Amino acid sequence: MPHTPDRLARFARHIVLPEIGGVGQAALENAHVVLIGVGGIGSPALQYLAGAGIGKLTLIDDDVVETSNLQRQTLFDQHDSGSRKAEIAAMWVDEFDDLTEVSWHARRLTADNAAELIGGADLVLDGCDNFATRLAVSDACVAGHIPLLSAAVGRFQGQVGAFAGHLAGQACYRCYVGDAFDADDCDTCAEDGVLGAMAGWVGTFAALQAIRVLLAPTGGFGDPQWGKLHVLDGLQPSLRTMTIAKDPGCQTCKAR
Ligand SMILES: [Zn+2]
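Oh and the sequence shown: position 145 is 137 in the working numbering, straight run, nothing missing.
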């Protein structure tokens, strides 16, 4: 569908970029992205993905807003304490753009409901706070042939990796972390602390990488960077990139 004058104006700064153009912008508007977690990483990621005109957003977070979240979780304010994060985030999207289709689930994603919650997604962006959920998300992405951007932050360090374990020769998130964390429900933020602006850097970088993946079929920025893990260091500051190889013994993706 051609852009109306109002939509052309809204996305003009994207459409003028040769890497996006009208074709890339249309691809973003046709995309369905599922966000796992709308906290420190998910808040800014959601705001930039909605800003980019992603057509359909599904928000999954079983948490409620606490005062200690406000230091980094930019979607929430002092009046939101005790409210469901997924619902507040969806209300923000509704206000931001009438044409974005948004749905929300205040449920914890587990191995049992993951396929249902992420079904139909073109991309899953995982910014949740525990390994058990991350592994359930990754396994469901491999099974559902859905690309995964996994983003994490603690203290002054962040990581953003793109995984396509459903493809031959490409690693999944489990290839990277192994099987040791399936039962581990740790929230390192509470124990170790995190600089609020680091969560913002990681969240916006994850949004950039999400757009890279979504635009890859149209040429976009080229390579979707499967298996590349970017490590963001806020103290130096610096950005390093590692390559994650497919684990031939990975219980999730070795058959692919
Ligand atoms: Zn794997």
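Virtual Cβ for every residue (Gly too), placed ideally from N, Cα, C. Since the structure is predicted, the reported quantities are computational estimates derived from the model, not experimental observations.
**Message:** Could you tell me the alpha carbon to alpha carbon distance between Gly146 and Asp114, rounded to whole angstroms?
**Reply:** 27 Å
**Asked** Taking the alpha helix (DSSP H) that Leu195 falls in, what are its first and last residues?
**Response** Looking at the sequence provided, one finds Gly at residue 195 rather than Leu. Where Gly195 is concerned, the enclosing alpha helix (DSSP H) stretches over 188 to 207.
**Selected residue, minimal CA-CA separation from Gly214, among Leu221, Gln201, Ala144** = Gln201
**Prompt:** Less than 7 Å between the CB of Asp104 and some heavy atom of ligand 1, yes or no?
**Reply:** no
**Message:** Rounded to the nearest angstrom, what separates Ile110 and Gly47 at their Cα positions?
**Reply:** 16 Å
**Prompt:** Applying the criterion that 16 or more other CB atoms from any shown protein chain within 10 Å of the CB defines a buried residue, is Arg126 buried or exposed?
**Reply:** buried
**Item:** Backbone CA spacing between Lys238 and Ala1 [nearest angstrom]
**Value:** 43 Å
**Message:** Which residue marks the beginning of the beta strand (DSSP E) containing Val145, and which one marks its end?
**Reply:** 140 to 146
**Message:** What does the alpha-carbon distance come out to for the pair Pro10 and Leu207?
**Reply:** 12 Å
**Asked** Are at least three pairs of beta-carbons, each pair with one atom in the region 51 to 58 and one in the region 75 to 90, less than 8 Å apart?
**Response** Taking a contact to require three or more Cβ pairs closer than 8 Å, the region 51 to 58 and the region 75 to 90 qualify as touching.
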